[in-house]
Amino acid sequence: MPLQIVHHPDYDAGFAVNHRFPMSKYPLLMEALRGVGLAAQEALFMPEPAPAAWLKLAHAADYVDQVLACEVPEKIEREIGFPVGRRVSLRAQLATAGTVLAARLALKHGIACNTAGGSHHARRAQGAGFCTFNDVAVASLVLLAERAVENVLVVDLDVHQGDGTADILKDEPRAFTFSMHGERNYPARKIASDLDIALPDGTGDAAYLDRLRAILPELSEGRRWDIVFYNAGVDVHSEDRLGRLALSDDGLRARDEMVIGHFRAHGISLCGVIGGGYSTDVPTLAARHAILFEAAARYA
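First residue of the sequence shown? That's 1479 in the working numbering, and the numbers climb one at a time after it.
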């Protein structure tokens, strides 16, 4: 069976090509997936915008209303990193719903991926760090509210600490948040996950993979997880302008294979989201994001 993939053309909110956030990576990722034969039409799914009720499970009601009305205060927009106009608001709703849809597909088929998602800096009160809504936190709380799952594990391997996810899920005992990230990177003030591993600048493939290999058994044995949300941020790459962990393409492949293979070997459903990636060479960046899908396809 082909890998189940969730995508929407409006994941691209049409930013200028020189914007700090490389918005064009989303359509370019789909081009990359088609190029490697991973975009079978029968396995492509398109989300509808997330309803406000879902968003308010994770975020303050007044903030959700501000985003939906495109009336976010300028101070919060500055923390997010861009104005929240109509296209940005729609994109946030679609990307969040995309992760919910990918999670449902993962529960049905064992594995599925969203071509967006991983917006882990959006906190309960507001967005931040290029993140408007926290898709993984919303999806976790939607599935728990519907009793589709009983226990949720978040494995966040973006180079930045998953502060927003930790904030939203800190009082939810059925969810466990794990973040392995650069110690000296954004955000300056971390919010403690259930488990954090902070790595020094310059950590390369070997040390990174050794640390990850050691922790995965502890994560899978801690509880009987119904689903894992895997944030496969590629900003850990040596050529990423916002990351300093110095992984190679081979290191990314080994990382994704290790995580996906480990949890699928234990029969745990896995929902992949792409997380961060900020290289100025956007086609190359999109190809790096495609590595997650190539690894996941081997377990579809």
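Note that beta-carbon positions come from the ideal geometry of N, C-alpha and C, so glycine has one too.
Source: prediction; values computed, not measured.
- Between the alpha carbons of G1588 and L1579 lies a distance of about 13 Å.
- The bridge partners DSSP lists for S1657 are D1634 and D1674.
- Of the candidates A1724, I1738 and D1718, D1718 places its Cα closest to the Cα of A1764.
- In the DSSP annotation of this structure, S1716 is not part of any alpha helix (DSSP H), being labelled neither H nor E.
- By the Cβ test, the region 1741 to 1759 is in contact with the region 1581 to 1600, since at least three Cβ pairs between them sit closer than 8 Å.
- Leaving aside the five residues that flank L1687 on each side, the residues in its chain whose CB is nearer than 8 Å to its CB run, in chain order, G1729, A1732, R1733 and M1736.
- For Q1544, the enclosing alpha helix (DSSP H) covers residues A1539 to L1546.
- In the structure shown, G1576 falls within a helical segment according to DSSP collapsed to helix, strand and coil.
- Secondary structure note for Y1504: its alpha helix (DSSP H) is the uninterrupted segment K1503 to G1513.
- When the beta-carbon positions are compared, F1608 and G1559 come within less than 7 Å of each other.
- Rounded to whole angstroms, the gap between the alpha carbons of E1624 and P1527 is 18 Å.
- With a cutoff of 7 Å on beta-carbon distance, R1569 and A1510 are scored as not near each other.
- Our two residues, E1549 and R1556, have alpha carbons roughly 13 Å apart in a direct line.
- No residue range can be given for L1516, since it is assigned to no beta strand (DSSP E) and is classified by DSSP as neither H nor E.
- Per the DSSP secondary-structure output, I1589 pairs in a beta bridge with L1748.
- Here Y1708 carries a strand assignment [DSSP, helix/strand/coil].
- Of the other Cβ atoms in all chains shown, fewer than 16 fall within 10 Å of the Cβ of Q1519; this residue is therefore exposed.
- Per DSSP, the unbroken alpha helix (DSSP H) holding V1737 starts and ends at D1727 to A1743.
- Under the DSSP definition of a beta bridge, I1769 lacks any partner.
- Here the alpha carbon of G1563 sits roughly 17 Å from the alpha carbon of A1530.
- In its chain, beyond the 5 residues on either side, M1736 have a beta carbon closer than 8 Å to the beta carbon of R1691.
- In the three-state DSSP reduction, L1535 falls in the helix class (H, G or I).
- Assignment of L1723 by DSSP, reduced to helix, strand and coil, places it in the coil class.
- Its Cα nearest to that of F1654, the residue F1707 stands out among Q1604, F1707, A1600 and V1484.
- Contact fails between the region 1669 to 1688 and the region 1609 to 1623, because fewer than three Cβ pairs, one in each stretch, are under 8 Å apart.
- Distance from I1693 to C1749 at the Cβ level is roughly 20 Å; contact not present, criterion being Cβ atoms closer than 8 Å.
- Nearest C-alpha to A1573 among E1699, M1524, R1601 and A1584: M1524.
- Counting along the chain, I1558 sits inside the alpha helix (DSSP H) bounded by residues E1552 to I1558.
- Straight-line spacing of the CA atoms in P1678 and V1484 works out to 34 Å.
- In the three-state reduction of the DSSP assignment, I1483 falls in the strand class.
- Counting C-beta atoms within 10 angstroms of its own C-beta, H1497 has fewer than 16 neighbours from the protein chains shown and is therefore classed as exposed.
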